[in-house]
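Novice: Plus 990 on top of the position in the sequence shown (first one is 1) and you've got my numbering.
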Amino acid sequence: MSTVGKAGLEDVVVSTSDICFIDGREGRLLYRGFDIDDLVEQSSFEEVVFLLWQGHLPTRKELDAHVKAIRATANRKLPPKMIAILRALPRKTTPMEVVRTGVSALSAFDPDAADNSRDASIRKAMRVTAQLPTLVAAWERIRRGKAPIAPNPKLSTAANFLYMMTGKKPTPLAEQTFDVALTLHADHEFNASTFAARVTAATLSDLHSAIVAAIGALKGPLHGGANEQVMLMVEKIGSPERAESFIKKALAEKARIMGFGHRVYRVEDPRAKHLRRLASELGQQVGDMSAVRILDTVGREVTAEKKIYPNVDLYSGAAYAAMGIPTDQFTPIFAMSRVAGWIAHVLEQHANNRLIRPRSEYTGPTRATYVPIEQR
Ligand SMILES: CC(C)(COP(=O)(O)OP(=O)(O)OC[C@H]1O[C@@H](n2cnc3c(N)ncnc32)[C@H](O)[C@@H]1OP(=O)(O)O)[C@@H](O)C(=O)NCCC(=O)NCCS
C-alpha cells in the first residue's frame, strides 16, 4: 500500500517552529504569538523584523539600536562593484532575476559569508535586509538609464525604498501603506519559499544561499509571482463594468484566478482586508479607484462561484500601482519583506539542525536490462 500523503505535502507537519502560526479556519495569523491585526495597528516593519529574529518585542533601547542598524548607510549601500554588475546585465533582465542574482553576488562581498554562527548570521541578516530595497530600487533606475539614488539613513525602510525608487519622499499615507504591506508579508510559516530556505540551511549551507533558494521559489506564479499576475488581469479587464463578464468567462473556461485560494486558509486571508483598505485609501488619494473596483467585483464573483477567498496577493498590487511602482517589481517587494521571515527560519533551523531529507515512493521499473547502444 502506498505511504505517500496528499500531493504537494498538503497537511504534512515537518517540524516544530516558534515563529509563525496560521489558523486556517479562523483566518488568524500570528508572528511570535502576536496577531498581525495588532501589529498592523501598533507596530512597524522594522520592529517586526526584530520580533521575528529575536523572538520578543524590543525594549526602547533595543529598538533604537536595531532601527539605527537597519537604516545605516553602511548596511544599506551596495558595493560599487555590485552596481557595476547590475549595469552589466541586459536591460530586459526581470527584477526578480536581478534580486536572485543580486543576493547571490552580495554574498561574495560579505565579510561573514561562510560563518554560520548566530552572531555572524545576525550581522549578515541586517546587511541583506537593508541591501535588498537598495538593490531593487537601483535596478529600477539602471534599467531606465538613470543613476541609482543613495539611501537616506533618516528614512524608514518603507520611506527610503519609495524615495530610492522615485527620487521623491513619499506622502505619509504611501509610507504607512508600504510599511503595513511589508509587515503583512514578513512571514507565513512553512510556505514554499521558507521551506526552500530551511531545506538549504539544513545542509549547513549559509544564509545567502538559503535566501537565494527562497527567492527562486517565491518567483513562481503560484507563490509570490501571483501579485504581478493579478495586476496583469486588472489591466486586461480594463474597467469595473467589464469585470463580471470577464470572470464568468474565465471560470467557465476553468482558469485559475490569481489572488484567490490558499493551501491553509479556508476563509479569507487575514492580510487581504488590510491591503484592500490601504489600496482603496491610496486610490482615493491619487483619484483612481478603478483597480480596487475591478478587484471588488472579481472578488465577489470568484467567491460566489467557487467558494474560494481573496489571499494576500489580491489587493497588494493595486496599492503598489497607486504609488507608481511598475508591476514587475511587486514580487521583489514581497522578497524585501519575506526576507525577514526567511532569516528567522534559517536562524531557527541552524539553532537545532538536522538534515532535511525525505523519501519518495519509487514507481519506476526495478529490473531494467541494459541494452548496448547499437542494439537499441
Ligand atoms: C494558492 C494555491 C496554489 C493553493 O493551491 P492548492 O492548495 O494546491 O489547491 P488546488 O490547486 O488543489 O485547488 C483546489 C481546488 O480549488 C480550485 N482553485 C484553487 N485556487 C483557485 C484559483 N485561484 N482560481 C480558480 N480555482 C482555484 C482548484 O481548481 C481546485 O478545484 P477542483 O478541485 O475543482 O479541481 C491555489 O489556490 C492557486 O493557484 N491560487 C492562485 C495563485 C495565488 O494566488 N497564489 C498566491 C497564494 S498566497
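Quick reminder that beta carbons are idealized off the backbone N, C-alpha and C, glycines included. What you are looking at is a predicted structure, and each value in this text was computed from that prediction instead of being measured.
(1) Under a three-way DSSP split, which group does I1346 fall into?
(2) Express the C-alpha separation of A1164 and Y1310 in angstroms, rounding to a whole number.
(3) Verify the contact flag: H1264, CB atom, against every heavy atom of ligand 1, threshold strictly below 7 Å.
(4) For the putative contact between E1037 and I1060, defined by C-beta atoms under 8 Å, what is the C-beta separation to the nearest angstrom?
(5) Reducing DSSP to helix, strand and coil, say where D1169 ends up.
(6) For the candidate residues W1129, R1188, L1041, T1083, whose alpha-carbon lies nearest to that of A1439?
(7) Using three-state DSSP, classify I1247 as helix, strand or coil.
(8) Using a threshold of 8 Å, state whether the C-beta atoms of V1292 and F1250 are closer than that.
(9) Nearest-angstrom Cα distance between D1196 and N1343?
(10) Are the Cβ atoms of V1220 and L1304 separated by less than 8 Å?
(11) Should H1213 be counted as a contact of ligand 1 given a C-beta to heavy atom distance under 7 Å?
(12) Which of the three DSSP states, helix, strand or coil, is assigned to I1012?
(13) Output the boundary residues of the beta strand (DSSP E) element that contains R1261.
(14) Relative to the C-alpha of K1071, which residue among H1175, A1095, L1172 is closest?
(15) Helix, strand or coil: how does DSSP classify Y1305 here?
(16) I need the DSSP call for P1300, collapsed to helix, strand or coil.
(17) Any heavy atom of ligand 1 closer than 7 Å to the CB of K1296?
(18) Suppose contacts are defined by Cβ-Cβ distances below 8 Å. Is P1048 in contact with D1318 by that definition?
(19) Closer than 6 Å by C-beta to V1288: which residues in its own chain qualify, once you throw out the five before and the five after it? Chain order, please.
(20) DSSP puts L1020 in a beta bridge; with which residues?
(21) Okay, do the segment 1192-1211 and the segment 1261-1281 touch, 3+ Cβ pairs below 8 Å being the bar?
(22) Would you kindly report the start and end of the unbroken alpha helix (DSSP H) that includes E1338?
(23) By alpha-carbon positions, which one of D1008, S1229, P1141 ends up nearest to R1066?
(24) Return yes when the Cβ of A1127 is within less than 8 Å of the Cβ of P1138, no when it is not.
(25) Which residues mark the beginning and the end of the alpha helix (DSSP H) in which V1126 is found?
(26) Is any heavy atom in ligand 1 found nearer than 7 Å to the beta carbon of V1093?
(27) Which same chain residues, not among the five before or five after P1143, have their C-beta less than 7 Å away from its C-beta?
(28) Report, in whole angstroms, the separation of the C-beta atoms of A1192 and L1345, which I expect to be a contact under 8 Å.
(29) At what residues does the alpha helix (DSSP H) containing A997 begin and finish?
(30) Does DSSP put V1254 in a helix, in a strand, or in coil?
(31) Taking its Cβ as the centre, do 16 or more other Cβ atoms sit within 10 Å of G995, making it buried, or is it exposed?
(32) Mapping DSSP to helix, strand and coil, what is G1092?
(33) Judging by CA-CA distance, which residue of E1225, V1336, G1215, G1228 is the nearest neighbour of A1186?
Specialist: In terms of the structure at hand:
(1) coil
(2) So the two alpha carbons sit approximately 9 Å from each other.
(3) no
(4) About 10 Å separates the two Cβ atoms, so there is no contact after all.
(5) helix
(6) In the structure as shown, the chain starts at 991 and stops at 1366, and residue 1439 therefore has no counterpart that could be examined.
(7) coil
(8) yes
(9) 13 Å
(10) A distance below 8 Å separates the beta carbons of V1220 and L1304.
(11) Yes; taking the cut-off as 7 Å, the Cβ of H1213 has a heavy atom of ligand 1 nearer than that.
(12) strand
(13) Looking at the DSSP string, R1261 is not in any beta strand (DSSP E), and its letter there is neither H nor E.
(14) A1095
(15) DSSP places Y1305 in helix when its eight states are reduced to three.
(16) In the structure shown, P1300 sits in a strand (DSSP, three-state: E or B).
(17) Yes, since a heavy atom of ligand 1 falls inside the 7 Å radius drawn around the Cβ of K1296.
(18) Going by C-beta atoms, P1048 is not nearer than 8 Å to D1318.
(19) A1233, I1237
(20) The partner list for L1020 (beta bridge, DSSP) reads F1011, D1025.
(21) no
(22) 1320-1341
(23) P1141
(24) yes
(25) Its alpha helix (DSSP H) spans residues 1108-1133.
(26) no
(27) R1061, A1062, T1063
(28) 5 Å
(29) Neither: A997 is in no alpha helix (DSSP H) and is coded neither H nor E.
(30) DSSP places V1254 in the coil class of the three-state scheme, outside both helix and strand.
(31) exposed
(32) The answer is helix: DSSP assigns G1092 an H, G or I state.
(33) Closest by alpha carbon: V1336.
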